[in-house]
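Remarks on the structure that follows.
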Amino acid sequence: MRRLWENKVSRRKLLGGAAATGAALPVLHEVIPHRGVHGGTSAAHAAVERHRMAHRGSGHLGAVGRVDNRRNGFDPQAILRDFDTGTVRNGVREWDIVAEDREIEVAPGVKYAAWTYNGRVPGPTLRAREGERLRVNFTNGSSHPHTIHFHGIHRDVMDGVPGVGAGNIGPGESTSYEFDATPFGLHLYHCHSTPLAEHIAKGLYGAFVIDPREGRPAADELLMVMNGFDTNFDRSNEVYGVNTVAFAYINEPIRVRRGELVRIYLVNALEFDFVNSFHVHANFFDYYPTGTKLEPRDFTDTVILGQGERGILELRFPYAGKYMFHAHVSEFAELGWMGFFEVTG
Ligand SMILES: [Cu+2]
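In case it helps, the working numbering puts the sequence shown at residues 66 to 410.
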């Protein structure tokens, strides 16, 4: 393994080789770098080696061992249903967001020096209703300049880009972004400091849900931010997932109820890869691109999303059981972007 990395074998070449020998599934363990790029990961090296040996030829899905969610300070299971509606003060809906540097574990034993909003990746899922006045109080507690750029319709000075309005917010500085919640739909927010790809890829992004005035039908609502991590700084990702942790929903399936409407807010926050996708097994869903219309555009089982693209999926599971979902970009699935729904009742 060490020799492979020192020869700078790309994960893509390695994947090709692994697939050719019929050993593609455990490939995550073969490609995770462990040369201490994030400072002293000999423990990570040992962990990766253990996984690699455990998986050789097993055809097992996922990783051996578990990520320590408590140490990370966030849990992919909790992020699924954690919608943050902030606090309404004097008719304005407000949130406080702090940018912080934080080391997180993205796959068992694989640490990543992330930049976070409020200590988590993705950042808090901000939720408002169409037409409300919103204020986001941003403090930069990180060691680099950052911003928050919101998707939506607003004045230039509230757009969170360098050189306009408050521009870059330096370490220790603060600003407030104020705008109206429009249009309704599923949007995102992210840092817009340069170099842009790095500031996003480090973890400074989150989902921004604006509910239509009349609301949507009651449902079990889930947030899925598709993301990835470039753990060796070669501008390609080695680890993929939904809500950050590789194979999180393989290890702990998402529990839903048979016959109940499930609404998935799906965001593609991936950098360094042009497209990502979502495919669910043994079922189909209504698809609302960007969530900006109340009628679905498609009835399908797979959607492809470019960088920054997002959409709302609605489905019901007619049968109890375990149903896989994953990126239909198979390479991403094998590197962590897969999971199960566990349907009960
Ligand atoms: Cu930034």
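Cβ coordinates follow ideal geometry from the N, Cα and C atoms, glycine included. Because the structure is a prediction, the values reported are computed rather than measured.
query, result
"Residues in its own chain within less than 8 Å of ARG77 by CB, not counting five upstream and five downstream?", "Note that ARG77 scores a pLDDT of 48, beneath 50, so its modelled location is shaky and nothing firm can be said."
"By Cβ distance below 7 Å, which residues in the same chain neighbour THR357 in space, the five residues on each side in sequence not counted?", "PRO248, PHE249, GLY250"
"Where do the ends of the alpha helix (DSSP H) carrying HIS411 lie?", "Any answer about residue 411 is impossible in this case: the structure gives the chain only from 66 up to 410."
"Using the Cα positions of PRO98 and ARG154, report the straight-line distance between them to the nearest angstrom.", "For PRO98, the predicted structure reports a pLDDT of 44, less than 50, and the residue's modelled location is therefore unreliable. A value from the coordinates is still provided. The alpha-carbon atoms of PRO98 and ARG154 are separated by roughly 47 Å."
"Along the chain, where does the alpha helix (DSSP H) that runs through ASN137 open and close?", "134-137"
"With distances taken Cα to Cα, identify the nearest neighbour of ASP351 among SER342, VAL340, ASN341, ASP366.", "ASP366"
"Would you call the segment 131-144 and the segment 310-330 touching, i.e. three or more CB-CB distances under 8 Å?", "yes"
"Any heavy atom of ligand 1 inside 7 Å of the beta-carbon of LEU269?", "yes"
"Going residue by residue through the segment 249-316, where are the continuous alpha helix (DSSP H) segments of at least 4 residues, counting only ones entirely within it?", "261-266, 313-316"
"Among GLU399, ASP147, GLU168, ILE213, which one has its Cα closest to the Cα of ASN202?", "ILE213"
"Whole angstroms are fine: how far does the CA of GLU360 sit from the CA of ASN348?", "19 Å"
"Compute the Euclidean distance between the alpha carbons of THR309 and ARG278, then round it to the nearest angstrom.", "31 Å"
"Is it a yes or a no for the segment 332-343 touching the segment 282-295, going by three-plus beta-carbon pairs under 8 Å?", "yes"
"Drop a sphere of 10 angstroms on the beta-carbon of GLY410, count the other beta-carbons inside from all chains shown, and report buried for 16 or more, exposed for fewer.", "exposed"
"Name the two residues that bound the continuous beta strand (DSSP E) containing GLU396.", "Careful: GLU396 lies outside any beta strand (DSSP E), inside the alpha helix (DSSP H) at 395-399."
"Determine which residues share a DSSP beta bridge with ILE234 and list them.", "HIS211"
"Residues in its own chain within less than 7 Å of ILE369 by CB, not counting five upstream and five downstream?", "VAL340, SER342"
"Return the CA-CA distance between ARG158 and VAL129, expressed in angstroms with no decimal places.", "43 Å"
"Does the Cβ-Cβ distance between ILE169 and TYR182 come in under 8 Å?", "no"
"If you measure from the CB of HIS216, is any heavy atom of ligand 1 nearer than 7 Å?", "no"
"Would you kindly check if the distance between the Cβ of GLU243 and the Cβ of ARG200 is under 8 Å?", "yes"
"Tell me, to the nearest whole angstrom, how far the beta carbon of ARG328 is from that of GLU379; I am working on the premise that it is less than 8 Å.", "5 Å"
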